[in-house]
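Trainee: Take this structure first; my questions come after.
Structure below.
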């Protein structure tokens, strides 16, 4: 039988790989909110860092908490800082009932995503297509809030 730190290490590696193994390993975890001895990060912190939406959803479905690590950072604060993807920010906001200015900008800051095709448009100075896309995203986001999308 693995010790808790060994099991934790295996789950973290699987979370980074995004190969689905983490979900199997998490099934046997007695404490879904286990915190690293070194920095106090939880599985949810690691899922956010790895931009692993599947693991983040699983953890939230199994009562993961928005606890602070030793740097006083919650998983939601980390998601807002990293801007990997809006999905993780949104599910954390919904679960914990928290809003932040960083997360609200998420839907409008399409340019935050490395490799996003419109980054090239934005850098080229041709702002009209980029502005239209931002407006479209804003419309969709507002529609979701009032139940029309």
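Numbering (full-length UniProt numbering), first residue to last: 1 to 149. Built from N, CA and C at the ideal position, the CB exists for glycine as well.
(1) Could you tell me the distance, in whole angstroms, from the CA atom of residue 24 to the CA atom of residue 51?
(2) Assign residue 37 to one of two classes, buried (16 or more other C-beta atoms within 10 Å of its C-beta) or exposed (fewer than that).
(3) For residue 32 versus residue 62, is the C-beta distance shorter than 8 angstroms?
(4) Does residue 35 have its Cβ less than 8 angstroms from a Cβ in chain C?
(5) When you compare only the Cα positions, how much space is there between residue 76 and residue 20?
(6) Which of the three DSSP states is assigned to residue 54 in this structure?
(7) To the nearest angstrom, how far is the alpha carbon of residue 108 from that of residue 68?
Mentor: In short:
(1) So the alpha carbons of these two residues sit roughly 18 angstroms apart.
(2) Counting the other CB atoms within 10 Å of its CB gives residue 37 a total below 16, which places it among the exposed residues.
(3) Contact annotation: residue 32 and residue 62 have beta-carbon atoms nearer than 8 angstroms.
(4) Protein chain content of the structure displayed is limited to a single chain, and chain C is not contained in it.
(5) Going from the Cα of residue 76 to the Cα of residue 20 covers about 22 angstroms.
(6) When secondary structure is reduced to three states using DSSP, residue 54 falls in the helix class.
(7) Low per-residue confidence applies at residue 108: pLDDT is 44, beneath 50, and the placement is therefore not dependable, though the value from the model is reported in the following sentence. Looking at the two C-alpha atoms, the distance is approximately 27 angstroms.
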